[in-house]
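Single-structure report; data block below.
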Amino acid sequence: LRQALAGTSIRIQRVGDRLLLTIPGRLSFDTDSTHIIDAARPALAGIAAVLVEFDKTLVSVFGHTDNRGDPGYNQALSEKRAISVARFLAEEGVATERLAGIGYGQRRPALEEDSARARTANRRIEILIEPISADW
């Protein structure tokens with residue numbers, strides 16, 4: 105996965121046995137749009153290729169917005185963006201039963217402060233990759 109994302113601004117974090125990918129908003133969607141920008145497609149395709157190869161995982165796509173504007177509108181926008189990314193991954197071969205798209209709107213900010221820097225950080229897509237466990 106690190107090789108597939110080399111040279112991008114997508115951050116990879118290990119959280120226990122899960123991986124959390126953070127895609128900055130400026131790299132995924134234009135303002136007020138749910139259409140994935142062309143520049144984001146190669147990185148998302150790289151993520152999808154890895155997910156297809158390592159298919160014993162569940163993939164949750166989380167959409168986030170900043171705190172500007174109507175919270176209800178931001179919630180709907182974040183949901184549509186998360187679903188748009190999940191749909192793209194499915195089109196690239198990731199099984200739909202492994203995918204979920206969830207919007208959080210402005211409810212889970214990366215940074216709590218009210219600044220331009222925080223708003224930029226809060227506009228993002230996160231992809232959580234979790235191993236499928238047979239221990240249930």
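Numbering (the numbering used here), first residue to last: 105 to 240.
Cβ coordinates follow ideal geometry from the N, Cα and C atoms, glycine included.
Since we're looking at a predicted model, the values are computed, not measured.
Here the C-alpha atom of A194 lies approximately 23 Å from the C-alpha atom of Q117. Only residues of its own chain outside the window of five on either side were considered, and among them T161, L162 and V163 have a CB closer than 7 Å to the CB of R202, listed in chain order.
Taking C-beta separations shorter than 6 Å and ignoring five residues to either side along the sequence, the partners of K184 in its chain run T138, following chain order. Just so you know, the alpha carbons of R227 and G167 end up roughly 8 Å apart. It is roughly 12 Å from the alpha-carbon of S237 to the alpha-carbon of R122.
Collapsing the DSSP output to three states places Q179 in a helix. Remark: three or more beta-carbon pairs, one from each stretch, lie closer than 8 Å, so the segment 214-230 and the segment 168-181 are flagged as touching. Take A152, set aside five residues on each side of it, and the residues of its chain with a beta-carbon closer than 7 Å to its own are L193, E196, G197 and V198, in chain order. Judged by beta-carbon spacing, R223 lies beyond the 8 Å limit of R191, meaning their Cβ atoms are not closer than that value.
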